[in-house]
Amino acid sequence: MNIPSPSGPGPDPAETGWPSTISFRPEDLEIGDEPRTGTANGQHDDELLRLLAHWGMNQRNWMIGFPVNLDFDYRPLADFLAVSLNNVGTAYAAAGYNISTRPFERQVLEFFIRLTGGQVDQVAGYTTSGGTESNIFGVHLGMRRYPDAVFYTSADAHYSVDKITSLFDLDQVKIDTGDDGAMDLDALTDACLRRRDRPAVVLATVGTTMTGAADDVAAVRPRLAAAGVHRVHLHVDAAFSGLIVPFIPGYGPWAFDAGADSLAISGHKVIGLPVPAGIALARREHLHRVGSHVTQVDADDYTLTGSRDGLAPLMLWWALRRLGRDGLERRARHCLHIAEYAEQRLRECGADPRRVPHSIIVGFQRPADDVLETWHLLDAGEQSHLIAMPHLTEEHIDRLCQHLRP
Ligand SMILES: *Cc1c(COP(=O)(O)O)cnc(C)c1O
């Protein structure tokens, strides 16, 4: 089997037999009574899995439509596939199940606390299963602080927000966005004023799913205070752009230094992981509202789940150690450069690109079905969205433009 190189764009999938979808017959995957190890059947299974893995790795040549970095390789950590890791409880728990990666997780958390303008003695958190759990954690914390709060989000907030509204049966008010894709703070202030007898849990988005726009986090608290609304929990959903905006020169405060009470950031998007993971952070002073002492594990636990992944924080630690803050900055600059390059090239080929300031998402005229499929693009009506994640190169964009030619 000829396996394309894992880095950089490869040949056209039509020529190499690496299409953008792969399917299996259910009868080939069925789990039966007979063990399938060490037999011809077992070898057949190994082949099948190899095919799936190689197909998956090759998709880094074609994946431009989802916010995931595919340029990673954690195979040096393969030994951990034979260790029962579990970080149950918090990363700071001293007792309980101790085949864990908690000391590594604490370093990952400290890195993110510093990156988000927090102080290590004032902010804490944990590694979650992804952005959604991190948002649930932050909004739940806000609702425990202010049980009669109204839940304000922008109309462009991630769909996980609607799940949270349903889960906790919240009164959600969606605020319109302006031309720049960010929450209209005049509209937010008006909406809060109309309900000024009730506190506010505000979810601000840093990097919306459709345009990559960021809400003006630093302005939320002062604007609401000026309107007489002081009981505010401010959660920042930075799942998408939390590893981009800190590296934009002159960007200004956007997280804990901008008045955030809690924050969500993704582990598998800009960093890239073989499994989803996220980071949830919050001001320590709020954590007692959700924490409880669990005698089975002899520890305080403010996390939402029981058992907790120990491998994801280890992979994050490994990736962050290898990148450092400087490596992340280079990565963010690369993404922004590719987004600018794509905007320019797509304009040249008449695809009507659109991009809001500082975004790594470029909207353009919806291409033909075969182009959508090859490049993993979502069909969002008139527009499709290219997301300049770290594995994208100028070559990806050039090949896309060739593909767009009729
Ligand atoms: C991806 C994303 C989420 C959800 O993250 P999952 O890891 O898919 O649960 C939430 N908010 C924003 C802004 C996102 O980009």
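Quick note, the sequence shown lines up with residues 3 to 408 if you use my numbering.
Yeah, the Cβ is synthetic: ideal placement off N, Cα and C, and Gly gets one too.
Since residue i and residue j are thought to touch, with beta carbons under 8 Å apart, how far apart are those beta carbons, to the nearest angstrom?
i	j	result
F366	Q346	That belief does not hold up - the Cβ atoms of F366 and Q346 are roughly 12 Å apart, past 8 Å.
W377	G67	6 Å
L205	V141	6 Å
T191	R225	5 Å
G274	N71	3 Å
Y76	M317	5 Å
L53	D30	That belief does not hold up - the Cβ atoms of L53 and D30 are roughly 11 Å apart, past 8 Å.
D182	P359	7 Å
S131	A279	7 Å
A157	L195	So it is not a contact: roughly 19 Å between Cβ atoms.
A184	A227	Contact doesn't hold; Cβ gap of about 20 Å is too wide.
So, at 6 Å on beta carbons, what are the nonlocal neighbours of residue i in its own chain, with the 5 sequence-adjacent residues on each side left out?
i	result
V364	A341, A344, E345, P355, R357, L388
R333	P392
R146	R291, V292
For chain C, find out if any of its Cβ atoms is closer than 9 Å to the Cβ of residue i; answer yes or no.
i	result
G280	Looking for chain C here will not work: only one protein chain is present.
Can you tell me which of the three DSSP states residue i falls into?
i	result
V231	coil
I340	helix
L368	Inspection of the sequence shows that residue 368 is occupied by Arg rather than by Leu. Residue state, collapsed to three classes: coil.
I66	coil
H39	At residue 39 the sequence reads Thr, which differs from the His that was named. T39 falls in the coil class under three-state DSSP.
I389	strand
D302	strand
I115	helix
I166	helix
Q121	coil
I101	coil
F153	strand
S294	strand
A80	helix
A220	helix
A257	coil
S22	coil
A93	coil
A55	helix
A202	strand
A215	coil
A334	helix
A193	helix
A382	strand
N137	helix
Report yes if the CB atom of residue i is closer than 9 Å to the CB atom of residue j, and no otherwise.
i	j	result
R200	V152	yes
I246	S136	no
T129	A314	yes
G133	F258	no
A284	L143	yes
A126	T155	no
V436	H235	Residue 436 is absent from the structure shown; the chain starts at 3 and stops at 408.
A193	V175	yes
V231	V219	no
H398	N63	yes
A390	C337	yes
L265	T118	yes
On the DSSP bridge list, what partners appear for residue i?
i	result
G127	L283
D239	T207, A266
K271	Partner(s): none; K271 has no beta bridge.
M185	T179
I363	I389
R356	G365
Q174	F153
Within the same chain, show all residues whose beta-carbon is closer than 8 Å to that of residue i, passing over the 5 residues directly before and after it, in chain order.
i	result
A221	L187
D308	Here residue 308 is Gly; the residue named in the question, Asp, does not match the sequence. Only V90 meet the Cβ criterion.
V122	E112, I115, R116
R349	P355
R335	F249
R108	A93, Y94
F82	L313, L316
G383	R368
S22	P15, Q61, W64, E375, T376, W377, H378
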